[in-house]
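If you're matching positions, the sequence shown starts at 24 in this note's numbering and goes up one per residue. I have placed the structure first, in the form of structure tokens, so that the comments after it can refer back to it.
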Amino acid sequence: MPARDIYHNNFRNALVKDGWTVTHDPLRLKWGGKDMYVDLGAERILAAEKSGKKIAAEIKSFTGASELNDIENAMGQYLVYRSVMARTEPDRILYLAVHKEVFLDIFEAPLGSLLIEDYSVPLVIFDYRKEVILRWMP
Numbered sequence: 024m025p026a027r028d029i030y031h032n033n034f035r036n037a038l039v040k041d042g043w044t045v046t047h048d049p050l051r052l053k054w055g056g057k058d059m060y061v062d063l064g065a066e067r068i069l070a071a072e073k074s075g076k077k078i079a080a081e082i083k084s085f086t087g088a089s090e091l092n093d094i095e096n097a098m099g100q101y102l103v104y105r106s107v108m109a110r111t112e113p114d115r116i117l118y119l120a121v122h123k124e125v126f127l128d129i130f131e132a133p134l135g136s137l138l139i140e141d142y143s144v145p146l147v148i149f150d151y152r153k154e155v156i157l158r159w160m161p
């Protein structure tokens, strides 16, 4: 099992505060004999629908030596997980979870915006200090 992101517990706490129930920590995926682990799986029961909304979140801190390398690794991992989840967990939406500084520095910059738009990557932005969700995109 891979190591947890440095903001794993902060994001987990933010999800719970936002009304989500963490169901998997981590969410295990299997495909072609390969095991993969998305950081978290969660669901929220929507009373009006009497059914739940399921998500998975891959948390990324972008603390490596190269911002470009961090983007490449995060997007590659996200796309692999999304492809497997489309076949194994089709009722679950995969989000890329980043703290607000990463969002402002990377995903509001031209390259980050381009990748989010071209690959339709849903983001969840959180404040790791206050442990709150700030924004869900889209």
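All residues carry an ideal CB built from backbone N, CA and C; glycine is no exception. Keep in mind the model is a prediction, meaning the values are calculated, not measured.
Selected residue, minimal CA-CA separation from residue i, among the options
i    : options                : result
Y142 : Y151, L127, Y101, A109 : Y101
K77  : A109, V121, V103       : A109
Y60  : L138, P161, A80        : A80
E112 : T44, I129, R158, G64   : G64
R105 : I29, R51, R35          : R51
R152 : P133, G135, R35        : R35
K123 : W159, I116, R115, P133 : W159
Coarse secondary structure for residue i, derived from DSSP in three states
i    : result
E124 : helix
G41  : For the sequence presented, residue 41 should be read as Asp rather than Gly. Coil, per DSSP.
Y101 : helix
I29  : coil
DSSP bridge partner residues for residue i (one or two, in chain order)
i    : result
R158 : I148
Close Cβ partners of residue i (< 7 Å) along its chain, the five nearest in sequence each way excluded
i   : result
G87 : D93
Own chain partners of residue i with C-beta closer than 6 Å, once the 5 adjacent residues on each side are dropped
i   : result
W54 : V107
S84 : D28, I29, Y30
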